[in-house]
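**Q** If you scroll down you'll find the structure; I have some questions about it.
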Amino acid sequence: MLRALRPLVFYPTFLILVSALALSLVDLEGFTRVTGGLNDRVLDLFSWLFSLGSFYLVVLVAFTYFSPLGRIRIGGEGSTPLISKARWFMIVLCTTLAVGVLFWTTAEPIYHLHAPARSLGIAPGSPDATLFAVSAMFLHWGPTPYAIYCVPALTFALAFYNLKLPFSISSSLRPVFGRALGPRTADIIDALALYSLVVGMASSLGTGALTLLGGVGHFIELERNPFTLGIFVALIVATFVVSAASGLTRGIARLSNANFWMLIALLVFVILCGPTAYMLSLGVEGLGTYLQNFFRLSLFTGEAANDPWPRDWSVFYWAVWFAWAPITALFLGKIGRGYTVREFIHINLVFPSLFILFWVSVFAGTAIYLDTASAGALHRVLTDGGVEQLLYYIMEQLPLSGLTSFFLILVAFISYVTAADSSTDAIGDLCTRDFNADSDEGAAMPIKILWGTLIGLVAWIMVSTVGIEGVKQLSNLGGLPATLIILACSLTLLRWLTKPELLQ
1 MLRALRPLVF YPTFLILVSA LALSLVDLEG FTRVTGGLND RVLDLFSWLF SLGSFYLVVL
61 VAFTYFSPLG RIRIGGEGST PLISKARWFM IVLCTTLAVG VLFWTTAEPI YHLHAPARSL
121 GIAPGSPDAT LFAVSAMFLH WGPTPYAIYC VPALTFALAF YNLKLPFSIS SSLRPVFGRA
181 LGPRTADIID ALALYSLVVG MASSLGTGAL TLLGGVGHFI ELERNPFTLG IFVALIVATF
241 VVSAASGLTR GIARLSNANF WMLIALLVFV ILCGPTAYML SLGVEGLGTY LQNFFRLSLF
301 TGEAANDPWP RDWSVFYWAV WFAWAPITAL FLGKIGRGYT VREFIHINLV FPSLFILFWV
361 SVFAGTAIYL DTASAGALHR VLTDGGVEQL LYYIMEQLPL SGLTSFFLIL VAFISYVTAA
421 DSSTDAIGDL CTRDFNADSD EGAAMPIKIL WGTLIGLVAW IMVSTVGIEG VKQLSNLGGL
481 PATLIILACS LTLLRWLTKP ELLQ
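The opening position of the sequence shown corresponds to residue 1 in the UniProt record's numbering, with each subsequent residue numbered one higher.
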């Protein structure tokens with residue numbers, strides 16, 4: 001296995017992860033203070049870049065869709081798809097949504113309802129705050145984050161399959177920068193992206209274990225201790241490692257299929273048993289507000305009025321999406337073979353955005369309705385119990401609460417595993433020497449197992465001893481280098497827009 005490793009990609013991230021773990025155990029307060037200070041500094045200095053960069057990528061995808069480049073087939077005219085369109089869409093949707101779509105699409109609108117952007121002059125709890133909350137959700141979860149994923153994924157897919165370049169993020173930069181990207185530079189770029197994703201997965205896994213433990217606690221009394229947390233972490237890790245090790249067409253595709261239909265079942269249940277007319281009407285009205293204010297909110301940094309809302313929410317989201325995007329893009333690009341660029345944009349941006357806009361309308365609409373009807377009860381649950389408790393509380397207000405709460409735990413588990421197995425798949429391929437479009441899927445298997453185990457171990461130790469806030473901050477710090485990488489990748493896409501014949 002060691003011979004197959006790309007050492008400059010694997011070891012820096014490995015050592016940073018272990019060092020961060022050790023430092024947090026020795027001095028948690030100092031570790032959190034330093035990482036938090038660095039994170040705040042990055043957001044203060046580069047809010048404009050995160051906001052402008054994400055907006056630019058939305059515009060770039062739109063131009064690409066309608067350009068002659070849209071007719072180019074990934075892999076060449078004779079290439080065959082790896083998977084069907086239906087499976088492709090399910091995998092993309094479940095890879096990008098993860099467990100956040102369950103819990104944050106009910107919690108975030110309540111935050112915005114009670115604390116909207118100060119500089120916009122919106123009274124908390126007012127009808128304007130309601131529309132602001134829904135439109136902010138559409139901004140943070142709709143086309144913009146999918147554009148952040150879509151641009152590097154599409155660029156990599158064309159470089160990997162059409163130009164036969166290596167399985168590396170640097171392959172997306174080579175058509176523009178050429179020989180300036182030597183092997184060591186390529187390794188450094190891949191290592192930066194790997195660091196952002198691996199640390200993010202560790203913090204996400206820790207949060208997922210706490211969420212599942214809290215859900216199971218609704219049914220049986222469970223003490224929160226290292227042993228119980230270890231059981232949940234081990235179960236999650238074992239499942240996503242086995243799925244990633246099973247390959248794309250078996251483990252990942254089947255798990256995504258199950259995850260998709262479970263999400264649909266939950267969506268249909270809330271539509272039928274929740275405030276149907278209210279949620280759908282609010283969704284339509286919120287969509288109008290989102291479209292009306294799209295340019296303003298996309299480029300809203302809060303600098304003029306010294307308003308912290310954009311930095312705390314929009315800019316923070318862009319940093320997180322950017323941090324996860326480079327390696328997620330490798331996986332999304334890898335499964336796009338055999339389809340045209342326009343079809344790629346359909347599956348990776350248009351259809352997922354439509355799904356999430358409808359999902360937000362249903363779940364955010366239900367949360368806002370229940371909070372308004374109960375004089376802020378959901379806001380009190382959110383303040384006292386945290387994000388992970390709110391959705392369970394909402395389910396308790398609907399029929400069949402015992403059954404749906406149990407189902408919610410299962411959906412949360414599968415949702416995290418589905419997102420993690422695709423990331424693990426890309427991590428393994430990225431760390432494998434000479435991996436290319438013709439390589440055997442099993443070549444990176446030992447590395448995938450190693451990373452899955454290491455991520456699980458770090459997550460377990462952190463949540464069992466000192467918490468995960470420091471690791472979250474480390475993950476967010478990866479947003480800046482990842483943003484620069486993705487914006488550099490966009491230069492390649494711009495070049496192909498003007499000269500699509502380079503891909504023929």
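Beta carbons are placed, not taken as given, at the ideal position from N, Cα and C, and that holds for glycine.
Pull up the CB-CB distance for Ser-405 and Gly-215, whole angstroms please, since I reckon it's below 8 Å.
**A** 7 Å
**Q** Rounded to whole angstroms, what is the Cα-Cα separation between Pro-109 and Leu-173?
**A** 38 Å
**Q** Could you tell me whether the Cβ atoms of Thr-432 and Ile-455 are closer together than 8 Å?
**A** no
**Q** Contact between the segment 21-37 and the segment 270-283: three or more CB pairs below 8 Å?
**A** No, they do not touch.
**Q** Is the segment 369-381 touching the segment 298-307 in the sense that three or more CB pairs, one from each, lie closer than 8 Å?
**A** no
**Q** Nearest to Pro-81 by alpha carbon, out of Leu-403, Asp-425, Tyr-369, Ile-335?
**A** Ile-335
**Q** Please report the straight-line C-alpha distance between Ala-193 and Leu-266, rounded to a whole angstrom.
**A** 34 Å
**Q** Kindly give me the distance between the Cβ atoms of Leu-210 and Leu-222, rounded to whole angstroms, as I take these residues to be in contact under 8 Å.
**A** Not really, about 12 Å apart at Cβ, beyond 8 Å.
**Q** Along the chain, which unbroken stretches of the alpha helix (DSSP H) at least 4 residues long are found entirely within the segment 253-302?
**A** For the segment 253-302, whole alpha helix (DSSP H) runs of length 4 or above, ordered along the chain, are 253-273, 276-292, 294-298.
**Q** Since Gly-70 and Thr-301 are thought to touch, with beta carbons under 8 Å apart, how far apart are those beta carbons, to the nearest angstrom?
**A** Incorrect: roughly 32 Å between the Cβ atoms, too far for contact.
**Q** Is the Cβ-Cβ distance between Asn-259 and Cys-94 less than 8 Å?
**A** yes
**Q** Look up Arg-73 in the DSSP assignment and give the residues it is bridged to.
**A** Thr-340, per the DSSP bridge assignment.
**Q** Who are Leu-5's beta bridge partners in DSSP?
**A** Thr-432
**Q** Just checking, does the segment 133-140 make contact with the segment 282-298 on the three C-beta pairs under 8 Å criterion?
**A** yes
**Q** Would you give the residue range spanned by the alpha helix (DSSP H) that Val-496 belongs to?
**A** Residue identity differs from the one stated: residue 496 is Trp in this sequence, not Val. 479-498 is the extent of the alpha helix (DSSP H) around Trp-496.
**Q** Cα-Cα, which of Ala-367, Leu-131, Ser-401, Leu-410 is closest to Leu-390?
**A** Ala-367
**Q** How would you label Gly-385, buried or exposed, when you count the other beta carbons within 10 angstroms and need 16 or more for buried?
**A** exposed
**Q** Give me the residue from Phe-160, Tyr-195, Gly-365, Phe-316 with the minimum Cα distance to residue 508.
**A** With the chain covering only 1 through 504, there is no way to say anything about residue 508.
**Q** Please state if the CB of Leu-403 and the CB of Tyr-392 are separated by a distance shorter than 8 Å.
**A** no
**Q** Residues in the same chain with beta-carbon distance under 8 Å from Glu-343, minus the five sequence neighbours each way, listed in chain order, please.
**A** Lys-85
**Q** Run through DSSP, which three-state label would Pro-310 get?
**A** Pro-310 falls in the helix class under three-state DSSP.
**Q** Report the residue ranges of all alpha helix (DSSP H) runs contained in full by the segment 352-435; include only those spanning at least 4 residues, in chain order.
**A** 377-385, 387-396, 401-430
**Q** Going by beta carbon distance, what residues of the same chain come within less than 6 Å of Ala-459, once the five residues before and after it are set aside?
**A** Ala-202, Leu-205, Gly-206, Val-233
**Q** Please state the DSSP three-state secondary structure of Phe-66.
**A** helix
**Q** From this set, Val-362, Ile-461, Trp-496, Ile-394, which residue's C-alpha is nearest Gly-376's C-alpha?
**A** Comparing Cα positions, the closest option is Ile-394.
**Q** If I'm right that Ile-252 touches Ile-91 with Cβ under 8 Å, what's the distance once you round it to whole angstroms?
**A** 6 Å
**Q** For Gly-283 and Pro-399, what's the separation of their Cα atoms in angstroms?
**A** 23 Å
**Q** Can you tell me the Cα-Cα spacing of Ser-256 and Phe-240, whole angstroms?
**A** When rounded, the distance between both Cα atoms is 11 Å.
**Q** Drop a sphere of 10 angstroms on the beta-carbon of Thr-465, count the other beta-carbons inside from all chains shown, and report buried for 16 or more, exposed for fewer.
**A** Exposed: under 16 other Cβ atoms inside 10 Å.
**Q** Quick check: the Cα distance between Gly-36 and Gly-200, rounded to an integer number of angstroms?
**A** 15 Å
**Q** State the DSSP-derived secondary structure class of Phe-10, mapped to helix, strand or coil.
**A** helix
**Q** Between Phe-50 and Arg-41, what straight-line distance do the alpha-carbon atoms span, to the nearest angstrom?
**A** 13 Å
**Q** How would you call residue 507, buried or exposed, if buried means at least 16 neighbouring beta carbons within 10 angstroms?
**A** Nothing in the structure corresponds to residue 507, since the chain is present only between 1 and 504.
**Q** Out of His-346, Val-101, Ile-231, Ala-107, point me to the one whose CA is closest to Val-387's CA.
**A** Ala-107
**Q** Between the C-alpha atoms of Trp-313 and Ser-67, what's the straight-line distance to the nearest angstrom?
**A** 33 Å
**Q** Considering only residues of the same chain and omitting the five flanking positions on each side of Pro-500, which have a CB-CB separation below 7 Å?
**A** Pro-68, Leu-69, Ile-72
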